[in-house]
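**Student:**
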Amino acid sequence: NDTVAKLKEYHKVFDARIQMLTGEEADIKSVVENYKVYVGDKKASDGDIDHSTFMYLINGKGRYVGHFAPDFNASEGKGEE
21 NDTVAKLKEY
31 HKVFDARIQM
41 LTGEEADIKS
51 VVENYKVYVG
61 DKKASDGDID
71 HSTFMYLING
81 KGRYVGHFAP
91 DFNASEGKGE
101 E
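In the working numbering, the protein residues as written are 21 to 101.
(1) How long is the line joining the alpha carbons of Val24 and Thr42, rounded to whole angstroms?
(2) Got a sec: is the Cβ-Cβ distance from Glu29 to anything in chain D below 8 angstroms?
(3) Is Ile38 helix, strand or coil by DSSP?
(4) Going by alpha carbons, who is nearest to Asp22 out of Val59, Ala36, Asn54 and Ala89?
(5) Measure the alpha-carbon distance for Met40 versus Lys81 and round it to whole angstroms.
(6) Which residues bound the alpha helix (DSSP H) around Val52?
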């Protein structure tokens, strides 16, 4: 579950200009569809949802300019270790 608190912790490893995204399920679904993001259809037993780790770069006009995948493994991305 990408809560605001978890995203704030995760954000510490990125440039301050990078913004994290979370929200209501319907809003997230819209972003997933518009940016063709992979999201698994079922929650794991621990509540996690499998999804891509791509970071999308959007300019000041709201237009897509590129994307990248952060260079870390899944346990690092959870910010638990």
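Note that beta-carbon positions come from the ideal geometry of N, C-alpha and C, so glycine has one too.
**Tutor:** To lay it out plainly:
(1) 7 angstroms
(2) The question asks about chain D, but that chain is absent: this structure has only one protein chain.
(3) coil
(4) Val59
(5) 17 angstroms
(6) Glu45 to Tyr55
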